[in-house]
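In the order they appear, the protein sequences are chains C and Y. For the first sequence, UniProt numbering begins at 1 and goes up steadily by one. For the second sequence, UniProt numbering begins at 1 and goes up steadily by one. Worksheet: one structure, shown below.
Protein chains: 2
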Amino acid sequence: MRATIYDVAREAGVSIAAVSQVLNGKGKISEERRNEIFRVMAKLNFQPSVIAAALTGKKTYTLGLLVPDISNPFFAEIARAVEDQVHGLGYSLMICSTDNKDDRLERYLTLLQQKSVDAVIIGTGIQDTQMLAPLLSKGMPTAMIARETPNMDVTTVVANDFAGGAAAARHLLALGHTHIAVVAERSRVRSSLERIRGVRHTLVEAGLSLPDDLVKYSGDALIKDGKYKAMELLQCEEAPTAIFCCNDLLAIGALQAAKDLSIRVPEDLSIVGFDNTILAAVADPPLTTVAQPTDVMCKTVVELLMQQLKHQSPVNRRIVLEPELVARQSTSAPRASNTGHQTT
Amino acid sequence: MRATIYDVAREAGVSIAAVSQVLNGKGKISEERRNEIFRVMAKLNFQPSVIAAALTGKKTYTLGLLVPDISNPFFAEIARAVEDQVHGLGYSLMICSTDNKDDRLERYLTLLQQKSVDAVIIGTGIQDTQMLAPLLSKGMPTAMIARETPNMDVTTVVANDFAGGAAAARHLLALGHTHIAVVAERSRVRSSLERIRGVRHTLVEAGLSLPDDLVKYSGDALIKDGKYKAMELLQCEEAPTAIFCCNDLLAIGALQAAKDLSIRVPEDLSIVGFDNTILAAVADPPLTTVAQPTDVMCKTVVELLMQQLKHQSPVNRRIVLEPELVARQSTSAPRASNTGHQTT
DNA sequence: TTGAAAGCGTTACCAA
DNA sequence: TTGGTAACGCTTTCAA
Numbered sequence: 001m002r003a004t005i006y007d008v009a010r011e012a013g014v015s016i017a018a019v020s021q022v023l024n025g026k027g028k029i030s031e032e033r034r035n036e037i038f039r040v041m042a043k044l045n046f047q048p049s050v051i052a053a054a055l056t057g058k059k060t061y062t063l064g065l066l067v068p069d070i071s072n073p074f075f076a077e078i079a080r081a082v083e084d085q086v087h088g089l090g091y092s093l094m095i096c097s098t099d100n101k102d103d104r105l106e107r108y109l110t111l112l113q114q115k116s117v118d119a120v121i122i123g124t125g126i127q128d129t130q131m132l133a134p135l136l137s138k139g140m141p142t143a144m145i146a147r148e149t150p151n152m153d154v155t156t157v158v159a160n161d162f163a164g165g166a167a168a169a170r171h172l173l174a175l176g177h178t179h180i181a182v183v184a185e186r187s188r189v190r191s192s193l194e195r196i197r198g199v200r201h202t203l204v205e206a207g208l209s210l211p212d213d214l215v216k217y218s219g220d221a222l223i224k225d226g227k228y229k230a231m232e233l234l235q236c237e238e239a240p241t242a243i244f245c246c247n248d249l250l251a252i253g254a255l256q257a258a259k260d261l262s263i264r265v266p267e268d269l270s271i272v273g274f275d276n277t278i279l280a281a282v283a284d285p286p287l288t289t290v291a292q293p294t295d296v297m298c299k300t301v302v303e304l305l306m307q308q309l310k311h312q313s314p315v316n317r318r319i320v321l322e323p324e325l326v327a328r329q330s331t332s333a334p335r336a337s338n339t340g341h342q343t344t
Numbered sequence: 001m002r003a004t005i006y007d008v009a010r011e012a013g014v015s016i017a018a019v020s021q022v023l024n025g026k027g028k029i030s031e032e033r034r035n036e037i038f039r040v041m042a043k044l045n046f047q048p049s050v051i052a053a054a055l056t057g058k059k060t061y062t063l064g065l066l067v068p069d070i071s072n073p074f075f076a077e078i079a080r081a082v083e084d085q086v087h088g089l090g091y092s093l094m095i096c097s098t099d100n101k102d103d104r105l106e107r108y109l110t111l112l113q114q115k116s117v118d119a120v121i122i123g124t125g126i127q128d129t130q131m132l133a134p135l136l137s138k139g140m141p142t143a144m145i146a147r148e149t150p151n152m153d154v155t156t157v158v159a160n161d162f163a164g165g166a167a168a169a170r171h172l173l174a175l176g177h178t179h180i181a182v183v184a185e186r187s188r189v190r191s192s193l194e195r196i197r198g199v200r201h202t203l204v205e206a207g208l209s210l211p212d213d214l215v216k217y218s219g220d221a222l223i224k225d226g227k228y229k230a231m232e233l234l235q236c237e238e239a240p241t242a243i244f245c246c247n248d249l250l251a252i253g254a255l256q257a258a259k260d261l262s263i264r265v266p267e268d269l270s271i272v273g274f275d276n277t278i279l280a281a282v283a284d285p286p287l288t289t290v291a292q293p294t295d296v297m298c299k300t301v302v303e304l305l306m307q308q309l310k311h312q313s314p315v316n317r318r319i320v321l322e323p324e325l326v327a328r329q330s331t332s333a334p335r336a337s338n339t340g341h342q343t344t
């Protein structure tokens with residue numbers, strides 16, 4: 001069994017209160033007593049129980065981090081950034097993959113509450129506005145990152161998805177594309193919707209349009225679905241000369257679709273991704289994509305959350321950071337009068 | 001404040017013992033009382049505190065998962081597989097990135113103990129054999145995955161790294177390569193060492209050799225260092241015609257090095273990775289790599305650990321699964337009498 | 001400067 | 001069947 005403060009107290013011939021004080025650097029304990037207690041703690045390999053401390057009102061030093069899928073490099077990178085941000089403060093992360101499913105989200109949310117995490121960082125979309133109510137009403141410090149829920153009064157740090165989509169569209173427009181399609185995540189993912197809105201807005205401003213049948217929504221298997229949806233797009237009568245994908249995984253799928261159909265990228269088809277994950281840099285050809293300032297975003301949520309933990313009062317700020325287009329080699333000017341690549 | 005069993009008991013006009021029993025489905029409670037209690041729990045939105053329960057000897061339903069870096073797709077994929085494996089059982093994962101640093105490992109190990117996790121899964125190398133002693137001696141169920149520590153009596157599930165390295169070497173040999181080099185992780189990473197041993201063994205068996213100066217060890221920035229080390233290799237007098245990289249990230253770096261030096265892959269240089277992460281499939285050209293059976297591995301550790309949790313006694317089995325070479329397009333026969341590609 | 005004792009939210013044992 | 005109550009390991013008054 002693990003040693004407790006009782007063991008330490010007995011061994012050191014003092015009361016448990018003394019041990020507790022030494023542990024927390026509080027109260028006044030004489031030098032010698034303090035040293036003696038430290039000695040015994042080391043000797044017994046005493047590890048104070050965070051559990052027991054938490055029960056008395058102290059923190060658990062554990063944060064919940066909810067993402068759609070930790071194996072998606074974008075979220076893995078976010079997780080790492082958040083981890084690095086809080087590790088020095090003694091916090092650990094409980095990472096939960098929701099698959100964008102409300103039931104999984106709910107399950108994890110109650111689990112995290114029952115496990116008394118100090119705060120929750122949510123990087124996954126939320127459909128049901130009421131989902132967070134239980135958390136918030138109990139005063140759980142909560143913040144959203146990279147995703148947001150409208151009409152929810154909760155601290156939020158996001159990239160400007162609309163602007164990101166618009167930047168992608170402008171890039172494509174500048175290259176001369178006029179026939180642009182979109183592959184998005186399931187239509188419930190708001191950030192995807194915002195990105196599409198950005199694209200559409202920009203196209204309309206340029207006198208073009210983005211008809212609904214040129215927007216395809218994928219399921220959960222991002223790469224595979226991205227490929228499948230891109231195929232649909234590329235095999236129709238009036239195939240687009242450029243596809244904007246709402247994340248890098250989908251873009252990778254589109255890349256594969258093009259390869260399978262012997263459509264050259266970027267000569268015959270331009271593809272733009274989103275997130276600027278490592279995949280974008282590694283893909284063939286390297287993917288033009290929209291980068292979110294993930295490091296700043298992570299740093300910011302953690303700061304906001306820590307404030308909230310300290311002041312006990314919700315901060316509820318909404319911070320929007322600007323994304324940036326990273327041009328690589330998956331985009332170029334369309335070939336002259338290129339109306340499509342039917343591959344019967 | 002959150003509702004407690006006291007609140008529920010008072011509201012339902014029963015004792016806390018009754019509430020506790022209902023909560024755990026134990027003891028004998030009359031139907032009506034039980035239903036009434038359930039009603040009150042729902043009404044109060046009562047969430048039992050795992051913390052408090054843990055203090056009385058029950059489990060925390062939390063597992064620690066230690067990996068070198070959660071943003072490395074290989075480990076992110078492992079994390080996801082483990083998560084899926086345990087989620088149904090009510091467990092959450094505390095994920096910790098060690099960067100292969102012993103001090104970070106140690107820090108996290110004591111943190112996890114203090115937070116009373118039920119078990120620890122270690123997917124990161126351990127240099128100091130004594131590092132796990134405190135854990136093990138306190139009876140913490142522990143298992144290693146994808147990494148191992150020799151002379152440590154602890155449950156282990158690994159891929160046969162030696163065989164993996166050998167498979168890579170045989171593949172290269174079969175293609176006709178005779179001048180093969182290696183880029184490895186820092187020399188402290190045992191699995192890397194085993195893979196190299198496999199390569200060397202196979203080369204020697206074929207009448208060739210793997211001189212030490214053809215084995216380069218990277219630092220922590222895997223891709224960048226992989227690139228840098230590959231450059232060193234490629235720019236020397238007798239550049240190799242093939243490079244085996246101890247993981248996909250390093251291989252990606254090697255790919256970049258080749259690109260920078262205008263060396264064509266696979267025509268002028270073959271590259272083999274390890275892990276078969278998503279990066280390998282996405283790279284340009286797609287990477288020939290050695291796949292570990294990660295899903296089976298994860299499933300197995302979890303089963304072993306759950307046994308250990310149930311029977312209270314360490315299982316300490318060592319399970320070795322066979323890896324498999326996945327041939328893609330980063331390897332081919334060397335060009336005839338190709339002795340090197342000086343790029344002075 | 002030190003110690004005794006009252007919680008914190010559960011569980012589990014023992015009476016009733 | 002039920003309820004009272006002593007743990008569990010720690011923090012935090014409050015006295016001494």
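C-beta atoms are modelled at their ideal positions from N, C-alpha and C, and glycine is treated no differently.
Short Cβ contact (7 angstroms threshold) for residue i with residue j
| i | j | result |
| --- | --- | --- |
| Arg147 (chain Y) | Gly165 (chain Y) | no |
| Ile223 (chain C) | Ile95 (chain Y) | no |
| Gln292 (chain Y) | Ala159 (chain Y) | yes |
| Val120 (chain Y) | Gly207 (chain Y) | no |
| Ala143 (chain Y) | Leu304 (chain Y) | yes |
| Asn316 (chain C) | Thr155 (chain C) | yes |
| Gly273 (chain Y) | Ala280 (chain Y) | yes |
| Pro285 (chain Y) | Ser330 (chain Y) | yes |
| Val326 (chain C) | Asn276 (chain C) | yes |
One or two residues paired with residue i in a DSSP bridge
| i | result |
| --- | --- |
| Ile243 (chain C) | C:Ala181, C:Ile271 |
| Gly64 (chain Y) | Y:Met94, Y:Val120 |
| Tyr217 (chain C) | C:Ala184 |
| Thr4 (chain C) | Answer is none; Thr4 (chain C) lacks a bridge partner. |
| Ile319 (chain Y) | Y:Val157 |
| Thr289 (chain Y) | Y:Gly273, Y:Val326 |
| Ala283 (chain Y) | C:Ala283 |
Below-7 angstroms beta-carbon distance, residue i vs any chain C residue
| i | result |
| --- | --- |
| Thr138 (chain Y) | Here residue 138 (chain Y) turns out to be Lys, not Thr, going by the sequence shown. By this cut-off, Lys138 (chain Y) is an interface position. |
| Thr344 (chain Y) | Note that Thr344 (chain Y) scores 37 on pLDDT, short of 50, meaning its location in the model is unreliable; the coordinates nonetheless yield the value given after this. Cβ-Cβ to chain C under 7 angstroms: no for Thr344 (chain Y). |
| Asp268 (chain Y) | no |
| Leu305 (chain Y) | no |
| Ala52 (chain Y) | yes |
| Met94 (chain Y) | yes |
| Ile70 (chain Y) | yes |
| Lys132 (chain Y) | Checking the displayed sequence, the identity of residue 132 (chain Y) turns out to be Leu instead of Lys. No, Leu132 (chain Y) lies away from the interface with chain C (no Cβ there is under 7 angstroms from its Cβ). |
| Leu66 (chain Y) | no |
Proximity test, Cβ basis, 7 angstroms: residue i and chain Y
| i | result |
| --- | --- |
| Glu77 (chain C) | yes |
| Glu83 (chain C) | yes |
| Ser97 (chain C) | yes |
| Val282 (chain C) | yes |
| Met152 (chain C) | no |
| Lys115 (chain C) | yes |
| Pro73 (chain C) | yes |
| Leu55 (chain C) | yes |
| Gln47 (chain C) | yes |
| Ile252 (chain C) | yes |
| Arg39 (chain C) | no |
| Leu279 (chain C) | yes |
For residue j and residue i, believed in contact at Cβ under 8 angstroms, the rounded distance
| i | j | result |
| --- | --- | --- |
| Val290 (chain Y) | Ala167 (chain Y) | 6 angstroms |
| Glu11 (chain C) | Ser71 (chain Y) | Going by Cβ atoms, the distance from Glu11 (chain C) to Ser71 (chain Y) rounds to 44 angstroms, so no, they are not a contact pair. |
| Leu135 (chain Y) | Gln113 (chain Y) | 7 angstroms |
| Ala254 (chain Y) | Gly226 (chain Y) | 5 angstroms |
| Gln127 (chain Y) | Arg188 (chain Y) | 5 angstroms |
| Val265 (chain C) | Ala230 (chain C) | At roughly 11 angstroms, the Cβ-Cβ gap does not stay under 8 angstroms, so Val265 (chain C) and Ala230 (chain C) are not in contact. |
| Val302 (chain Y) | Gln85 (chain Y) | 4 angstroms |
(request) Entirely within the region 105-146 of chain Y and at least 3 residues each: give me those beta strand (DSSP E) ranges in chain order. (result) 119-122, 142-145
(request) Any chance you could list the alpha helix (DSSP H) runs of at least 4 consecutive residues sitting entirely within the UniProt domain "HTH lacI-type" (3-57) of chain C, in chain order? (result) 5-12, 16-24, 31-44, 50-55
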